[in-house]
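Worksheet: the structure to be examined is printed underneath.
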Amino acid sequence: VAHSKTVLTFAGSMKMPFAHVDAIIPALNLKNVAHCKIGNVLEWGISGGQSVNIGMELVTALLSVFLDDPTSGLDSTSALYVAHVLSSISCLGLTIVAVIHQLRLEMFESFDDVLMIAPGRKTGYFGPTASAQSYFEALGFLFNPNANLADIFMDILSGRGEMQNGQPAMTVEEIVNIWAKGHAS
Numbered sequence: 199v200a201h202s203k204t205v206l207t208f209a210g211s212m213k214m215p216f217a218h219v220d221a222i223i224p225a226l227n228l229k230n231v232a233h234c235k236i237g238n239v240l241e242w243g244i245s246g247g248q249s250v251n252i253g254m255e256l257v258t259a260l261l262s263v264f265l266d267d268p269t270s271g272l273d274s275t276s277a278l279y280v281a282h283v284l285s286s287i288s289c290l291g292l293t294i295v296a297v298i299h300q301l302r303l304e305m306f307e308s309f310d311d312v313l314m315i316a317p318g319r320k321t322g323y324f325g326p327t328a329s330a331q332s333y334f335e336a337l338g339f340l341f342n343p344n345a346n347l348a349d350i351f352m353d354i355l356s357g358r359g360e361m362q363n364g365q366p367a368m369t370v371e372e373i374v375n376i377w378a379k380g381h382a383s
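The numbers in the working numbering rise by one with no breaks, and the one at position 15 of the sequence shown is 213.
What follows is the structure, given as structure tokens:
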């Protein structure tokens with residue numbers, strides 16, 4: 199059984215200075231439990247949880263962190279907390295890349311940029327989160343102000359987006375082709 203700070207210090211000891219660990223502790227909101235034991239099935243202690251797991255990745259990362267669904271298995275409030283933690287970590291100068299499923303609106307809005315992938319692993323949109331809605335509105339998509347914005351994007355990228363003025367629905371292939379034509383290298 200080890201303390202949170204000990205685990206993070208050990209994970210980063212071969213690659214990063216201790217000052218980096220000391221900067222990550224408050225960013226992960228672990229300051230109050232930094233010297234508490236991490237428990238297991240045999241001994242009582244704090245939960246290692248997502249914050250310590252994310253911290254172990256951060257202390258070994260130099261410029262970026264790639265996370266595969268760091269909110270998996272969490273309720274929406276805890277998932278939002280993880281998103282806020284990741285946002286505070288990005289303020290340390292690290293790029294955070296994460297696959298997130300089942301977004302709640304507040305979490306979606308906390309992202310700086312978003313990559314929206316359509317079926318077939320094709321890009322439907324990549325850019326500032328704040329510009330995504332206006333991009334799709336310019337394509338003719340309708341946005342219900344009472345619906346979750348992230349859900350509307352998922353509908354659009356699956357070919358079920360609602361069009362303005364009763365226009366015929368745009369296919370996923372059309373959406374991807376429009377993006378590709380406008381962003382060809």
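Glycine included, each C-beta is placed from N, C-alpha and C at the ideal position.
Per DSSP, A367 lies in no alpha helix (DSSP H) and is assigned neither H nor E.
Proximity to F324 across K379, M314, H299 and K235 peaks at M314, based on C-alpha coordinates.
Between the region 226-238 and the region 265-272 there are fewer than three C-beta pairs closer than 8 angstroms, too few to call the two in contact. Counting the other CB atoms within 10 Å of its CB gives F264 a total below 16, which places it among the exposed residues. Straight-line measurement puts the Cα of E360 at about 6 angstroms from the Cα of F339. For D353, the enclosing alpha helix (DSSP H) stretches over residues L347 to L355. Around R302, the same chain offers S274, A277, L278, N346 and A348 as residues with beta carbons nearer than 8 angstroms, after the five sequence neighbours per side are excluded. The beta-carbon separation of A221 and L292, rounded to 10 angstroms, does not stay under the 8 angstroms limit for a contact.
Counting only residues of its own chain and dropping the five nearest sequence neighbours on each side, S288 has a CB closer than 7 angstroms to the CB of I294. Around the beta carbon of V297, fewer than 16 other beta carbons lie within 10 angstroms, which makes this residue exposed. Taking all protein chains in view, the Cβ of L284 is crowded by 16 or more other Cβ atoms within 10 Å, so the residue is classified as buried.
The shortest CA-to-CA distance from V370 to any of H233, Q362, F341 and F351 is the one to F351. Exclusion of the five residues before and after W377 leaves T321, G322 and Y323 as the residues of its chain whose Cβ lies within less than 7 angstroms of its Cβ. Rounded to whole angstroms, the Cβ separation of S262 and A281 is 17 angstroms, and the two are not in contact under 8 angstroms. Counted as a single uninterrupted DSSP element, the alpha helix (DSSP H) harbouring S288 occupies residues S274 to S288.
In this structure, the CA atom of A232 is about 29 angstroms from the CA atom of D310.
With 16 or more neighbouring CB atoms inside 10 Å of its own CB, A330 falls in the buried class.
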